[in-house]
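Just below is one structure, and these are the notes that go with it.
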Amino acid sequence: MDFKRLDEIAQRAMKRRKSHMEREMGAAYFHGQRVANGAVALRRRLTEDASMDDILRVAGMFHDVGKGIEPHDETGAALTELLLRDELAGDELRLVCRLIREHDRRRPGTNENTIWEKILQDADILDHYGGQGIWMSCTWYAYNGQQEMAQLPVFYETDWPGQIEKHRALLNFPESQKIFDEKCAFERSVARRMAAEAQGRYMD
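Mapping the sequence shown onto numbering that gives the first Met the number 0, position 72 (from 1) lands on 71, and the numbers just tick up by one.
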């Protein structure tokens with residue numbers, strides 16, 4: 000697969016578009032790049048079978064191309080089929096579109112999704128936490144008129160615990176939960192520091 004060419008197509012489709020009002024321009028493109036890399040990294044932790052790495056990578060790149068046009072999983076699969084019909088072989092394109100169609104249809108604890116669908120689903124969730132989670136929280140508050148840094152740590156005490164409980168329960172693999180827990184621990188540590196520094200305090 001020509002990933003340079005595929006990246007050019009992804010950039011044209013997503014990099015100059017806002018899929019969320021509270022996110023930066025091109026958020027779906029940048030998220031897709033991270034999920035593409037994350038899906039392959041997660042696969043390496045779960046199985047030695049690398050036969051689907053290219054398919055996972057392409058599906059990660061384009062999984063949110065339909066974001067903002069709901070249901071974005073169906074829209075994304077249809078758009079990807081149009082965008083990549085001259086770039087991928089028929090079987091490859093069908094596999095990529097199936098992964099995109101299933102990426103938001105999470106059924107943890109069942110065998111209704113293939114391992115590859117589950118890997119993409121988990122990589123998608125995991126990208127919303129850790130350093131990226133801090134960035135997303137900051138941009139959300141900035142776009143919504145945050146007055147001071149002290150407001151953000153409040154979110155981590157109120158809404159965030161329910162959010163992480165919900166998303167952790169959607170993960171398919173214990174290894175994904177391990178990565179998720181480490182990312183959340185980092186976010187908590189940053190939120191604690193922000194809360195202290197917002198009051199002019201220093202860390203011990």
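We treat Cβ as the ideally placed atom computed from N, Cα and C, and that holds for glycine.
Given the structure is predicted, the values throughout are model-derived calculations rather than measurements.
Exercise. Nearest-angstrom Cα distance between residue 84 and residue 7?
Worked result: Translated into positions along the sequence shown, residue 84 becomes position 85. Translated into positions along the sequence shown, residue 7 becomes position 8. The alpha-carbon atoms of residue 84 and residue 7 are separated by roughly 15 Å.
Exercise. Looking at the unbroken alpha helix (DSSP H) that takes in residue 201, where does it start and where does it end?
Worked result: Translated into positions along the sequence shown, residue 201 becomes position 202. Premise fails: residue 201 is in no alpha helix (DSSP H) and is neither H nor E.
Exercise. Rounded to the nearest angstrom, how far is the Cβ of residue 37 from that of residue 180, given a contact under 8 Å?
Worked result: Locating residue 37 in the sequence shown gives position 38, where the first residue counts as 1. Locating residue 180 in the sequence shown gives position 181, where the first residue counts as 1. In fact, because the Cβ distance is near 16 Å, the residues do not count as touching under 8 Å.
Problem set entry | Pairwise C-alpha distance: residue 119 and residue 95 | Numbered from its first residue, the sequence shown carries residue 95 at position 96. Numbered from its first residue, the sequence shown carries residue 119 at position 120. Using only the alpha carbons, I get a separation of about 11 Å.
Exercise. Helix, strand or coil: which one does DSSP assign to residue 14?
Worked result: Walking along the sequence shown from the start, residue 14 turns up at place 15. Correct three-state label for residue 14: coil.
For this session: Note down the Cα distance separating residue 17 from residue 145, rounded to an integer number of angstroms.
Result: For the purposes of this step, residue 17 is taken as the residue at position 18 of the sequence shown. For the purposes of this step, residue 145 is taken as the residue at position 146 of the sequence shown. So the two alpha carbons sit approximately 20 Å from each other.
Problem set entry | With 16 other Cβ atoms within 10 Å as the buried cut-off, status of residue 115 | On the sequence shown, residue 115 is found 116 positions in, with the first residue counted as 1. With 16 or more other Cβ atoms within 10 Å, it is buried.
Exercise. If we call anything under 9 Å between Cβ atoms a contact, is residue 27 one with residue 66?
Worked result: Residue 27 sits at position 28 when you count from the first residue of the sequence shown. Residue 66 sits at position 67 when you count from the first residue of the sequence shown. Cβ atoms of residue 27 and residue 66: closer than 9 Å.
Exercise. Using a Cβ-Cβ cut-off of 6 Å (strictly less than) and excluding sequence neighbours within five positions of residue 185, which residues of its own chain qualify?
Worked result: Position 186 of the sequence shown, counted from the first residue, corresponds to residue 185. Once the five neighbours on either side are set aside, the close Cβ partners of residue 185 are 129.
Exercise. I think residue 121 touches residue 172, with their Cβ atoms under 8 Å apart; what is that distance to the nearest whole Å?
Worked result: In the sequence shown, residue 121 corresponds to position 122, counting from 1. In the sequence shown, residue 172 corresponds to position 173, counting from 1. Contact holds; Cβ gap of about 6 Å.
Problem set entry | residue 28 in three-state terms, based on DSSP | As a working mapping, residue 28 is identified with position 29 in the sequence shown. Residue 28: helix per DSSP, three-state reduction.
Exercise. In its own chain, which residues sit with a C-beta less than 8 Å from the C-beta of residue 52, not counting the 5 before and 5 after it?
Worked result: On the sequence shown, residue 52 is found 53 positions in, with the first residue counted as 1. These residues qualify, in order along the chain: 39 and 42.
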